[in-house]
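Structure record follows, encoded as C-alpha cells.
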Amino acid sequence: MALPPTRLITRAELRSIVPYTPQHILRLEKRGLFPRRIQVGANRVAWLLSEVEAWIAARAAERKKLGC
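Okay, so the sequence shown: first residue is 2 according to this note's numbering, each after it adds one.
This is the structure in C-alpha cells:
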C-alpha cells in the first residue's frame, strides 16, 4: 500500500524537528535507523515529512513501552 503524497522538508526544517547534527542524521541513515534522504537536485536533499513523523511516532511508542 502506497503512502499518500506528502511534502518534502529541507535540511533546515529537519533540524528544527529533530535536534540531531547533520553528521548524526547521516550515520543513522546509513545504519537504517532514520528515513533516507531524497536527492532533489544536484546540491539539494530533502526528506519526506511523513517518514520523519513516523520515525518520531515510533520513538514515542518505544518510550511508552519502556515506561519512560
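By construction, the Cβ of each residue, glycine as well, lies at the ideal position given by its N, Cα and C atoms.
Bear in mind that the values here come from a model prediction, so they are computed numbers and not experimental data.
query: Between which two residues does the alpha helix (DSSP H) carrying Arg-45 extend?
result: Not the alpha helix (DSSP H): Arg-45 falls in the beta strand (DSSP E), residues 45 to 49.
field: Residue interval of the beta strand (DSSP E) (run including Val-41)
entry: 39 to 42
query: Within 10 angstroms of its Cβ, does Ile-10 collect 16 or more other Cβ (buried), or is it exposed?
result: buried
query: Taking the alpha-carbon positions, what's the Val-46 to Lys-65 distance?
result: 32 Å
Nearest candidate by alpha-carbon position, reference Glu-14, set Arg-38, Ala-62, Lys-31: Arg-38
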